[in-house]
Amino acid sequence: MEHVASTFQSDQRTDEFQFFPIPCQQRIQQDERILIPSGDAKVVSTRSDYSQRRRKAAKAFGVNGVDIGKPNDNNKKKKIIHRDIERQRRQEMATLYATLRSLLPSEYLKGKRSISDHMNEAVNYIKHLQKKILELSDKRDELKKSFHSYVSSSVPESLQNSSEDTVMVRPCLAGVEVVISTCLRQGLQLSSVLEVIVAEGLSVVTCISTKVNKR
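Under full-length UniProt numbering, the letters of the sequence shown match residues 1 to 215, in that order.
Structure below.
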C-alpha cells in the first residue's frame, strides 16, 4: 500500500493537502487515449447500434458472405427470355384461334364464346366434312359408272372403233349434245373444240371427257 500512503501528503507549513494521481487512473487514461485518439470526431457506437448493423448485414449477405441483395444477372436474363418466349407463344396461339374461328361456319359458333367450345365445334365440323367427302366420293364413282355405260350404249360401235375423228350432234333436253370421238395419238385438244362451239354461238353447260377403247 505504498502508493496509497504516498497519495496524500500534507504540507506542514501550510496545512494543505496535495493530491497526486493514482497509478491505476493513469493507466486507464492512457488506455483511453490509445482507444480514442484526441481530435477524432467519431462517436463510439453503442451495443444497440452494433446489433442493428449486424442485422442489416445479415439481410444483405448470405451465410457464406455471398451477396443476395440483388438477383444474379444470369437469372435476370433467363427470366426476361422466358417472359419473351411466353408472350410470343400466347400471341401465336391467339392468331391460330382467330384463324380457326374464321374457318368455322356461323351456325357452329352461335351462342359459343369460349375457346374450348370453339375447339369442340371445330372437331365436329371436321367430322362433318369427312363424312361429306366420303358421300361425294361414292357419288362420283356412281356417276363415272353410269357415264361409261351411257357412252357404250349411245355411241355407235362404228364410231368407237373408227380410226378417224368423228363428231355427232343431237338434241338433248333443252339443248344440244355434241359427242366427239378422236384418237388419242392425234392429240385433238379439248380447248380447241370448246372454242369452236363458243364461236358458233353456243354456251357450254357441261363438258365431260372420258377414255373409251383408246379414244
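Where a beta carbon is used, it is the ideal one built from N, C-alpha and C, also for glycine. Please read these numbers as outputs of a predicted model, since none were measured by experiment.
Asked	Found
Based on the DSSP secondary-structure assignment, which residues constitute the bridge partners of E177?	R170
For S209 and L190, which I take to be in contact (beta-carbon distance under 8 Å), what is that distance rounded to the nearest angstrom?	6 Å
Three-state secondary structure (DSSP) at L129?	helix
For the alpha helix (DSSP H) that contains V196, what are its first and last residues?	L190 to A199
Taking only heavy atoms of the ligand SAM into account, decide whether any of them is closer than 7 Å to the Cβ of S192.	Inclusion of the ligand SAM in the displayed structure is not the case, the ligand content being empty and no account of it being possible.
Would you kindly work out how many angstroms separate the C-alpha atoms of T206 and I115, rounded to a whole number?	44 Å
Express the C-alpha separation of K112 and L129 in angstroms, rounding to a whole number.	20 Å
Mind listing, in chain order, the continuous alpha helix (DSSP H) runs of no fewer than 4 residues lying wholly within the segment 85–128?	none
Excluding the 5 residues preceding and the 5 following A41 in the sequence, name in chain order all residues of the same chain whose CB lies nearer than 8 Å to its CB.	Only weak support exists for where A41 lies, its pLDDT of 43 falling under 50; the coordinates are left without a value.
Is it true that the CB of L143 sits closer than 8 Å to the CB of A122?	no
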